[in-house]
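In our numbering, the protein residues as written are -19 to 237.
Encoded structure:
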């Protein structure tokens, strides 16, 4: 087994333009970035290759990528083009001088355009609750769903994971007293967002051939083990390993049927 990887600079809040233009046709001068709220939210691509029984590498290559996406919709990486500067390539069959006005549009319309993955895992962030009220969050979920349906090919499967529970006892007192969207506690607001997310996705989940195929309720899966929380938000690695292992078993079982 061999492994190679490259990623954005760790503990940097500023997205790395070089990361998003490496091995692509994207022009770095078209890309506009601004700081993320999260310094630990950095993108990374890992390529794993393993020799099979015959010693060849055919059908034994796996590419895994984490693309940092801090909110359902944000503007942390976008593109700006101007036809007078003659920097308007036709991207994905779009109209002349098309640009990506959101980070999510940039990811699904431009960055992944030449190499759409077989599987996409979307993990809902807890950051949205600190910036938007529920009405805006719901609108952003609809916008993100629309982008996914518009740009991802039918061969790509999308699995959506809700936000996990948080352990208020391990958070600073200011967070324990915080109220969101009126007078909702942090725990209540997370559940409201997760319920809204499920309701937006439900029409897709009911379709036999929808790109968005499965919803995982990580809030319920984390609720009984919040004592494993390290900082009030992030659980120990064992929990994440268990979640992804169960997901992989389910995915592989589908392909073996």
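Think of the CB as a built atom: it goes at the ideal place given N, C-alpha and C, for glycine as much as any other residue.
Here the C-alpha atom of residue 175 lies approximately 26 Å from the C-alpha atom of residue 154. Non-local C-beta neighbours of residue 158 in its own chain, meaning closer than 7 Å and more than five positions away in sequence, comprise 166, ordered along the chain. Exposed is the label assigned to residue 2, since fewer than 16 other Cβ atoms lie within 10 Å of its Cβ. Between the alpha carbons of residue 108 and residue -9 lies a distance of about 20 Å. Relative to residue 134, the option among 106, 184, 178, 143 whose CA is nearest is 184. Looking at the DSSP output, residue 43 shares a beta bridge with 27. Residue 113 and residue 173 have their C-alpha atoms spaced approximately 10 Å apart. For the pair residue 180 and residue 121, the Cα-to-Cα distance works out to about 7 Å.
Sorting 141, 149, 4, 51 by C-alpha distance to the C-alpha of residue 18 places 51 at the top.
With 16 or more other CB atoms across the displayed protein chains lying within 10 angstroms of its CB, residue 90 is buried. In this structure, residue 57 places its C-beta atom within 7 Å of the C-beta atom of residue 83. Residue pairing from DSSP places residue 209 in a beta bridge opposite 215. Residue pairing by DSSP places residue 102 opposite 140 in a beta bridge. For residue 194, the beta-bridge partners assigned by DSSP are 139.
Excluding the 5 residues flanking it on each side, residue 111 has no same chain C-beta neighbour closer than 6 Å.
Assignment of residue 59 by DSSP, reduced to helix, strand and coil, places it in the strand class. Counting only residues of its own chain and dropping the five nearest sequence neighbours on each side, residue 86 has a CB closer than 7 Å to the CB of 57, 58, 59, 80.
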